[in-house]
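What follows is a short report on a single structure.
2 protein chains.
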Amino acid sequence: MIEETPKIPQATSKRLPLYYRFLQNFANANKERISSSELSEAMKIDAATIRRDFSHFGALGRKGYGYDVRYLVEFFRKALDEGEETDVALVGVGNLGSAFLKYNFHKNHNTRIVLAFDPKGTAEGKMISGIPVYHPDVLKEKIAEYGIDLVILTVPSKVAQEVTNDLAQVGVKGILNFTPVRLAAPDSVRVHTIDLSVELQTLIYFTKNDEKASHM
Amino acid sequence: MIEETPKIPQATSKRLPLYYRFLQNFANANKERISSSELSEAMKIDAATIRRDFSHFGALGRKGYGYDVRYLVEFFRKALDEGEETDVALVGVGNLGSAFLKYNFHKNHNTRIVLAFDPKGTAEGKMISGIPVYHPDVLKEKIAEYGIDLVILTVPSKVAQEVTNDLAQVGVKGILNFTPVRLAAPDSVRVHTIDLSVELQTLIYFTKNDEKASHM
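Right, here's the structure in full:
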């Protein structure tokens, strides 16, 4: 994937899904060409950053012409491997987990929750919001059976590390962690944590220190 | 606040709530001193980063002694203004919003949702999970009445910008945006976006490119 560009800076990589979404929107609106400043206005990202990012992909803006939208969409589609559908497991069907099951990422992307785990599930899979919810006793077995690489983790804090150990053991490669626990995981597992309390605290911190922070 | 240290790098600022939480845990366990390497192990953050961060606060590690836990907790408490309780409004009580109402950040921090808005609410406030849910018609009036600075936004995409305009108008300072919309807002409003689909896409991207990404 993206063999032409082996070293994309991490900050650039993180913007890939965003670029993809916005360019798709422009493509859907039958827009053929777009300038970095138009994209900048739509995405609220600095135009210079966009131009620098795109240069990493060997993308081909021309002065007074802009970027070819269809080329870019195709490029990002390949980069993000949107062509394939990615199956995801949800572990923990409490308040937040239930919300994810109902939402199920169906609107925007080729990712979907195909199974879930919760103590209220069963060995055979109890259907909730159209998804089989299994008992944690069969977690390793079912993760392997479904060939799951990616997990959304919405379990209570006290079991988060234990579940992570099990997931690592059975070959899961990525965990989107919504618990406040800093999970220890082997190098084979990438953990990305979204801690809602911390996000809120951070926002509060910034709103109270904005004069200081804004020039940094 | 933090008058002694007017220029904290943004990356450091973002770790403040995390430092606070972990140091609180150590304080609760009656630990008096902690080394950067112990903290590093607990937090999964590089010890050199911790030492550099702490130097920005004028914090006072001594070789072979470590940092004074109570001093640091008190320092971060002040920095984060945890002494005050922060009231938050939730706008949009769908799947995700309902999960937030039930969770209501009560476990960790002095932040709490005190009112919410949704078309299923009323002008007088319909109680859901113990919180009054008002109709969007009275949004500006109630935000002002409650003196709300911070909003969690979980509305459908198509109304996100309109609601943001209203919130900006009535003096809201921070929005934690869970919609996939890149919101335009005046400088007086800090918007922090958590786009769950993008987070997932990004994680997928990284798990598929980890050999390339890991050395960056």
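Each protein sequence line maps, in turn, to chains E and C. The first sequence runs contiguously to residue 1103 in the numbering used here. The second sequence runs contiguously to residue 1103 in the numbering used here. Quick reminder that beta carbons are idealized off the backbone N, C-alpha and C, glycines included. Only a predicted model underlies this, so the values are computations on that prediction, with no experimental measurement involved.
Got a sec: which bits of the stretch 1076-1094 of chain E sit with their beta carbon under 9 Å from any beta carbon on chain C, in order along the chain?
1076, 1077, 1078, 1079, 1081, 1082, 1083, 1084, 1085, 1086, 1087, 1088, 1089, 1090, 1091, 1092, 1093 and 1094
What does residue 1036 of chain C touch in chain E if you count any residue whose Cβ is under 7 Å from its own?
Residue mapping note: residue 1036 of chain C aligns to position 149 of the second sequence, counting from 1. Simply 1094.
If the cut is a Cβ gap below 8 Å, which residues of chain C does residue 985 of chain E touch?
Here the question's residue 985 of chain E lines up with position 98 in the first sequence. Here the neighbours are 982 and 986.
Run through the DSSP bridge pairs and tell me what residue 1020 of chain C is partnered with.
The residue you call residue 1020 of chain C lines up with position 133 of the second sequence. In the DSSP output, where bridge partners are listed per residue, residue 1020 of chain C has C:1003 and C:1013.
Have a look at residue 1050 of chain C and residue 1027 of chain C and give me their C-alpha separation to the nearest angstrom.
Here residue 1050 of chain C is taken as the residue at index 163 of the second sequence, counted from 1. Here residue 1027 of chain C is taken as the residue at index 140 of the second sequence, counted from 1. Rounded to whole angstroms, residue 1050 of chain C to residue 1027 of chain C spans 10 Å at the Cα level.
Counting only the same chain and skipping the five closest in sequence on each side, list residues whose C-beta sits under 6 Å from that of residue 1083 of chain C.
The sequence position of residue 1083 of chain C within the second sequence is 196, counting from 1. None.
Do you know offhand how far residue 1014 of chain C's Cα is from residue 1068 of chain C's?
Your numbering for residue 1014 of chain C matches position 127 in the second sequence. Your numbering for residue 1068 of chain C matches position 181 in the second sequence. The straight-line gap from Cα to Cα measures roughly 29 Å.
Quick check: is the beta carbon of residue 1069 of chain E nearer than 8 Å to any beta carbon in chain C?
Counting from 1 along the first sequence, the entry for residue 1069 of chain E is found at position 182. Yes, residue 1069 of chain E lies at the interface with chain C (some Cβ there is under 8 Å from its Cβ).
Counting Cβ pairs, one atom from each stretch, are 3 or more of them under 8 Å apart for the stretch 937-953 of chain C and the stretch 973-992 of chain C?
no
Please check the pair residue 954 of chain C and residue 1002 of chain C, which I expect to be a contact at CB under 8 Å, by giving their CB distance rounded to whole angstroms.
Numbered from its first residue, the second sequence carries residue 954 of chain C at position 67. Numbered from its first residue, the second sequence carries residue 1002 of chain C at position 115. With 8 Å as the limit, residue 954 of chain C and residue 1002 of chain C do not qualify as a contact, their Cβ atoms being about 40 Å apart.
Out of E:902, E:898, E:1054 and E:1041, state which residue places its alpha-carbon closest to the alpha-carbon of residue 986 of chain E.
Within the first sequence, numbered from 1, the residue matching residue 986 of chain E stands at position 99. Among E:902, E:898, E:1054 and E:1041, the Cα nearest to that of residue 986 of chain E is on E:1041.
So what's residue 888 of chain E in DSSP terms, helix, strand or just coil?
Residue numbering aside, residue 888 of chain E sits at position 1 when the first sequence is read from its first letter. Low confidence applies to residue 888 of chain E: its pLDDT is 40, below 50, so where it sits in the model is not reliable, and the reading given next is rough at best. Three-state result, residue 888 of chain E: coil.
Report the partner residues of residue 920 of chain C according to the DSSP bridge assignment.
As a first step, residue 920 of chain C must be located in the second sequence, where it is residue number 33. DSSP, once it has assigned bridges, lists C:955 as partnering residue 920 of chain C.
With residue 1081 of chain E as the anchor, note down where its alpha helix (DSSP H) starts and where it stops.
For the purposes of this step, residue 1081 of chain E is taken as the residue at position 194 of the first sequence. Per DSSP, residue 1081 of chain E belongs to no alpha helix (DSSP H) and is neither H nor E.
List the whole-angstrom C-beta distance separating residue 983 of chain E from residue 1065 of chain E, where the pair is believed to meet the contact cut-off of C-beta under 8 Å.
As a first step, residue 983 of chain E is located in the first sequence; it is residue number 96 there, counting from the start. As a first step, residue 1065 of chain E is located in the first sequence; it is residue number 178 there, counting from the start. Right, the Cβ-Cβ distance comes to about 6 Å (below 8 Å), so this counts as a contact.
For a contact meaning CB atoms closer than 9 Å, what does residue 1033 of chain E contact in chain C?
Taking the first residue of the first sequence as 1, we reach residue 1033 of chain E at position 146. Counting only Cβ-Cβ distances below 9 Å, residue 1033 of chain E has no contacts in chain C at all, with the closest Cβ about 16 Å away.
Count the other CB atoms, across all protein chains shown, that sit within 10 Å of the CB of residue 904 of chain E; report buried if there are 16 or more and exposed otherwise.
Translated into positions along the first sequence, residue 904 of chain E becomes position 17. Flag for residue 904 of chain E reads buried.
Can you tell me which of the three DSSP states residue 945 of chain C falls into?
As a working note, residue 945 of chain C is residue 58 in the second sequence. It is coil, neither helix nor strand.
Rounding to the nearest angstrom, what Cα-Cα distance links residue 924 of chain C and residue 1074 of chain E in this structure?
Locating residue 924 of chain C in the second sequence gives position 37, where the first residue counts as 1. Locating residue 1074 of chain E in the first sequence gives position 187, where the first residue counts as 1. Cα to Cα, the separation comes out at about 20 Å.
Just how far apart, CA to CA, sit residue 1060 of chain E and residue 1045 of chain E?
To locate residue 1060 of chain E, count along the first sequence from 1; it is residue 173. To locate residue 1045 of chain E, count along the first sequence from 1; it is residue 158. Each residue's alpha carbon lies about 22 Å from the other.
DSSP on residue 998 of chain C, reduced to helix/strand/coil?
Walking along the second sequence from the start, residue 998 of chain C turns up at place 111. Here residue 998 of chain C sits in strand by DSSP.
Tell me the rounded alpha-carbon separation between residue 843 of chain E and residue 920 of chain E.
What the structure shows of chain E is the stretch from 888 to 1103, and residue 843 of chain E is not part of that stretch, so it cannot be assessed.
Assign residue 952 of chain C to one of two classes, buried (16 or more other C-beta atoms within 10 Å of its C-beta) or exposed (fewer than that).
Here residue 952 of chain C refers to the residue found at position 65 when the second sequence is read from its first residue. Under this definition residue 952 of chain C is an exposed residue.
Please tell me whether residue 990 of chain C has its Cβ less than 8 Å away from any Cβ of chain E.
For the purposes of this step, residue 990 of chain C is taken as the residue at position 103 of the second sequence. Judged by the 8 Å Cβ criterion, residue 990 of chain C is in contact with chain E.
In three-state terms, what does DSSP make of residue 1102 of chain E?
Along the first sequence, one-based indexing puts residue 1102 of chain E at 215. Confidence is the limiting factor: at residue 1102 of chain E the pLDDT is only 35, short of 50, which leaves the residue's position unreliable, though a coordinate-based value still follows. If DSSP states are grouped into helix, strand and coil, residue 1102 of chain E belongs with coil.
Taking the CB atoms as reference points, tell me whether residue 1055 of chain C and residue 1072 of chain C lie closer together than 8 Å.
Reading the second sequence from its first residue, position 168 is the one you call residue 1055 of chain C. Reading the second sequence from its first residue, position 185 is the one you call residue 1072 of chain C. Yes. Within cutoff.
Mind reading off the beta-carbon distance from residue 1076 of chain E to residue 1062 of chain E? Whole number of angstroms is fine, and I expect it under 8 Å.
Mapped onto the first sequence, residue 1076 of chain E falls at position 189. Mapped onto the first sequence, residue 1062 of chain E falls at position 175. That belief holds up - the Cβ atoms of residue 1076 of chain E and residue 1062 of chain E are roughly 6 Å apart, short of 8 Å.
Could you tell me whether the Cβ atoms of residue 1128 of chain E and residue 1004 of chain E are closer together than 8 Å?
In the structure displayed, chain E extends from 888 to 1103; residue 1128 of chain E sits before or after that span and is not available.
Of all the CB atoms in chain C, is at least one closer than 8 Å to the CB of residue 930 of chain E?
As a working mapping, residue 930 of chain E is identified with position 43 in the first sequence. Yes, residue 930 of chain E lies at the interface with chain C (some Cβ there is under 8 Å from its Cβ).
Could you check where the beta strand (DSSP E) with residue 1104 of chain E kicks off and where it finishes?
Since the first residue shown for chain E is 888 and the last is 1103, residue 1104 of chain E is missing from the structure and cannot be characterised.
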